[in-house]
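Engineer: Could you have a look at this structure, given as structure tokens, before my questions?
Numbering (this note's numbering), first residue to last: 78 to 516.
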């Protein structure tokens, strides 16, 4: 039996339909046939966080010198942006459930563009940190509302398939962002990176304005204020299965964050790879993630139960993490770069199954509060990832054990949440988390 999320009420051939109902059905049918432009818009919105973070990485030493600040202070510009994107989702997600998707998204994108432009002009590290925080808060609108729009338009296997399609676009961002940043620094100083990000944000804002219509009809919007939003989130977290998929995806995302934080050091400093070799391996791992995501969406979804596919993906992540820890601790003797790179490739590729399917399974249960659910998914992933990332360097610069250990612990926690809370062996007809009471 294929597991599907709570769908809308089925139509009956014998039931007469009013003209307005017929028009609404036709509109929904057209919306489901998502155009290529809308796919690119949603992919671009989900790619905005890695673009904002990774494009800036090659410029960090230059920013330290230009603003005459210690490296630890400049590192806070990354932390501020990441924290903003995590916390902004908690605010913007419920707003989109109340006022629709389009208006909060456009406001968020405009603020993102303005904040990014001011970052390019910031004269001090303190102002840069402040506006990076604002940039993250506003940029959160893109990623949280993009997931909510997908939930508005799709259900069940179709939603999982579309999330895999989005990975084709958003998964390329970690590959190209550092390359773009490095190329920008050949022709401009660090401020040029923010000029390019301002341009990217402006183009995305115009695309949203011209090409993305409202997907949440007024009758499905929430009334009430902060209290209603908090009750909605409490109801979502009270749904064991939704919380299970949220935590499963969050800890899996922490495995990914650990890799991003530690791999430049591990691959180059410990295993002696050149920057060019590291870039090649980083790109190959990202390509593996994208390709497996497409296999998930094109071949597996609709043919194999989503929980079974997710279980296989989590098992591969866990086995890869165990292998990395064994190699890092010397159980197999001294190993070179090739086995480490192979294990990282397998681990990262498996994320192409885990991440889209946890998102889809969680959002299937939340047709009444997709914005709030998307906020909880995104905030959990960013916060858990932000906590895990600093731990990979806790033992200094001479060992890869911390990276492998953090990845293994996070993988084990992800599997534990999947088994204990999602209980994939149960052939359930999922019920949505309870809708909040009307104010």
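Glycine included, C-beta positions come from ideal geometry on N, C-alpha and C. The model shown is predicted, which means the values in this text are computed figures rather than measured ones.
By Cβ distance below 8 Å, which residues in the same chain neighbour residue 467 in space, the five residues on each side in sequence not counted?
Structural biologist: Against the chain shown, residue 467 aligns to sequence position 390. 338.
Engineer: Beta-carbon within less than 7 Å of residue 425's beta-carbon, same chain only, minus the 5 sequence neighbours each way: which residues are those?
Structural biologist: Position 348 of the chain shown holds residue 425. Excluding sequence neighbours, residue 425 sits near 336, 362, 365, 366.
Engineer: Among residues of its own chain, excluding the 5 on either side of residue 446, which ones have a beta-carbon nearer than 6 Å to its beta-carbon?
Structural biologist: Working through the chain shown from its first residue, we reach residue 446 at position 369. Here the set comprises 174, 309.
Engineer: Report back the beta-carbon spacing between residue 263 and residue 197 to the nearest angstrom; my notes put them in contact at under 8 Å.
Structural biologist: Here the question's residue 263 lines up with position 186 in the chain shown. Here the question's residue 197 lines up with position 120 in the chain shown. Residue 263 to residue 197, Cβ: 17 Å. No contact.
Engineer: Look up residue 381 in the DSSP assignment and give the residues it is bridged to.
Structural biologist: The residue you call residue 381 lines up with position 304 of the chain shown. Answer is 378, bridged to residue 381.
Engineer: Which one of 340, 212, 431 has the shortest CA to CA distance from residue 392?
Structural biologist: Along the chain shown, one-based indexing puts residue 392 at 315. It is 431.
Engineer: Would you kindly work out how many angstroms separate the C-alpha atoms of residue 420 and residue 180, rounded to a whole number?
Structural biologist: As a working mapping, residue 420 is identified with position 343 in the chain shown. As a working mapping, residue 180 is identified with position 103 in the chain shown. Rounded to the nearest angstrom, the two C-alpha atoms are 44 Å apart.
Engineer: Going straight from the alpha carbon of residue 525 to that of residue 346, what length do you get?
Structural biologist: Outside the modelled stretch of the chain, which goes from 78 to 516, sits residue 525, for which no answer is possible.
Engineer: Can the beta-carbon of residue 244 be found less than 8 Å from the beta-carbon of residue 407?
Structural biologist: Counting from 1 along the chain shown, the entry for residue 244 is found at position 167. Counting from 1 along the chain shown, the entry for residue 407 is found at position 330. It is not a contact, given that the beta carbons lie outside the stated cut-off.
Engineer: Between which two residues does the alpha helix (DSSP H) carrying residue 334 extend?
Structural biologist: Translated into the one-based positions of the chain shown, residue 334 becomes position 257. Where residue 334 is concerned, the enclosing alpha helix (DSSP H) stretches over 317-342.
Engineer: When you compare only the Cα positions, how much space is there between residue 241 and residue 373?
Structural biologist: Reading the chain shown from its first residue, position 164 is the one you call residue 241. Reading the chain shown from its first residue, position 296 is the one you call residue 373. Residue 241 and residue 373: Cα-Cα distance of roughly 7 Å.
Engineer: DSSP three-state label for residue 411, please.
Structural biologist: Your numbering for residue 411 matches position 334 in the chain shown. Residue 411: coil per DSSP, three-state reduction.
Engineer: Going by C-alpha distance, which of 167, 178, 145, 208 is nearest residue 129?
Structural biologist: In the chain shown, the residue the question calls residue 129 occupies position 52. Checking every option, the nearest Cα to that of residue 129 belongs to 208.
Engineer: According to DSSP, is residue 189 part of a helix, a strand, or is it coil?
Structural biologist: Taking the first residue of the chain shown as position 1, residue 189 is located at position 112. It is helical.
Engineer: Do you know how far the Cα of residue 454 is from the Cα of residue 145?
Structural biologist: One-based indexing of the chain shown puts residue 145 at position 68. One-based indexing of the chain shown puts residue 454 at position 377. Rounded to whole angstroms, residue 145 to residue 454 spans 38 Å at the Cα level.
Engineer: Return the CA-CA distance between residue 216 and residue 223, expressed in angstroms with no decimal places.
Structural biologist: By 1-based counting over the chain shown, the position of residue 216 is 139. By 1-based counting over the chain shown, the position of residue 223 is 146. So the alpha carbons of these two residues sit roughly 11 Å apart.
Engineer: Could you spell out where the alpha helix (DSSP H) holding residue 484 opens and where it closes?
Structural biologist: As a first step, residue 484 is located in the chain shown; it is residue number 407 there, counting from the start. Note, residue 484: alpha helix (DSSP H), 478-494.
Engineer: Near residue 460, which residues of its chain fall below 6 Å by C-beta distance, leaving aside the five closest residues on each side in sequence?
Structural biologist: Taking the first residue of the chain shown as 1, we reach residue 460 at position 383. Around residue 460: 163.
Engineer: Alpha carbon to alpha carbon, how far is residue 414 from residue 476?
Structural biologist: Position 337 of the chain shown holds residue 414. Position 399 of the chain shown holds residue 476. Approximately 13 Å between the Cα atoms of the pair.
Engineer: Short check: CB of residue 165 to CB of residue 213, under 8 Å?
Structural biologist: What you label residue 165 is simply residue 88 of the chain shown in a count that begins at 1. What you label residue 213 is simply residue 136 of the chain shown in a count that begins at 1. Yes.
Engineer: Just to confirm the assignment, what range does the alpha helix (DSSP H) spanning residue 173 have?
Structural biologist: On the chain shown, residue 173 is found 96 positions in, with the first residue counted as 1. Taken as a continuous stretch (DSSP letters only), the alpha helix (DSSP H) holding residue 173 covers 148-176.
Engineer: Rounded to the nearest angstrom, how far is the Cβ of residue 226 from that of residue 236, given a contact under 8 Å?
Structural biologist: Your numbering for residue 226 matches position 149 in the chain shown. Your numbering for residue 236 matches position 159 in the chain shown. Wrong, their Cβ atoms sit about 11 Å apart, outside the cutoff.
Engineer: Short of 7 Å in beta carbon distance, which residues of its chain neighbour residue 186, apart from the five on each side in sequence? Order them along the chain.
Structural biologist: Locating residue 186 in the chain shown gives position 109, where the first residue counts as 1. Excluding sequence neighbours, residue 186 sits near 218, 219, 278, 281, 282, 285.
Engineer: Pull up the CB-CB distance for residue 355 and residue 344, whole angstroms please, since I reckon it's below 8 Å.
Structural biologist: Start at 1 with the first residue of the chain shown, and residue 355 comes out as number 278. Start at 1 with the first residue of the chain shown, and residue 344 comes out as number 267. With a Cβ gap of about 5 Å, residue 355 and residue 344 count as contacting.
Engineer: Taking the alpha-carbon positions, what's the residue 327 to residue 247 distance?
Structural biologist: On the chain shown, residue 327 is found 250 positions in, with the first residue counted as 1. On the chain shown, residue 247 is found 170 positions in, with the first residue counted as 1. So the two alpha carbons sit approximately 17 Å from each other.
Engineer: Could you tell me whether the Cβ atoms of residue 318 and residue 498 are closer together than 8 Å?
Structural biologist: By one-based count along the chain shown, residue 318 stands at place 241. By one-based count along the chain shown, residue 498 stands at place 421. Result yes, Cβ atoms of residue 318 and residue 498 sit closer than 8 Å.
Engineer: Leaving out the 5 sequence neighbours to the left and right, which residues in its chain are closer than 6 Å to residue 150 when beta-carbon positions are compared?
Structural biologist: Within the chain shown, the letter at position 73 stands for residue 150. Excluding positions up to five away in sequence, the list reads 202.
Engineer: Expressed to the nearest angstrom, what Euclidean distance is found between the alpha-carbon atoms of residue 275 and residue 411?
Structural biologist: Walking along the chain shown from the start, residue 275 turns up at place 198. Walking along the chain shown from the start, residue 411 turns up at place 334. Going by the C-alpha atoms only, they are around 46 Å apart.
Engineer: How far does the alpha helix (DSSP H) with residue 370 in it extend, from its first residue to its last?
Structural biologist: As a working note, residue 370 is residue 293 in the chain shown. That run of the alpha helix (DSSP H) goes 352-372.
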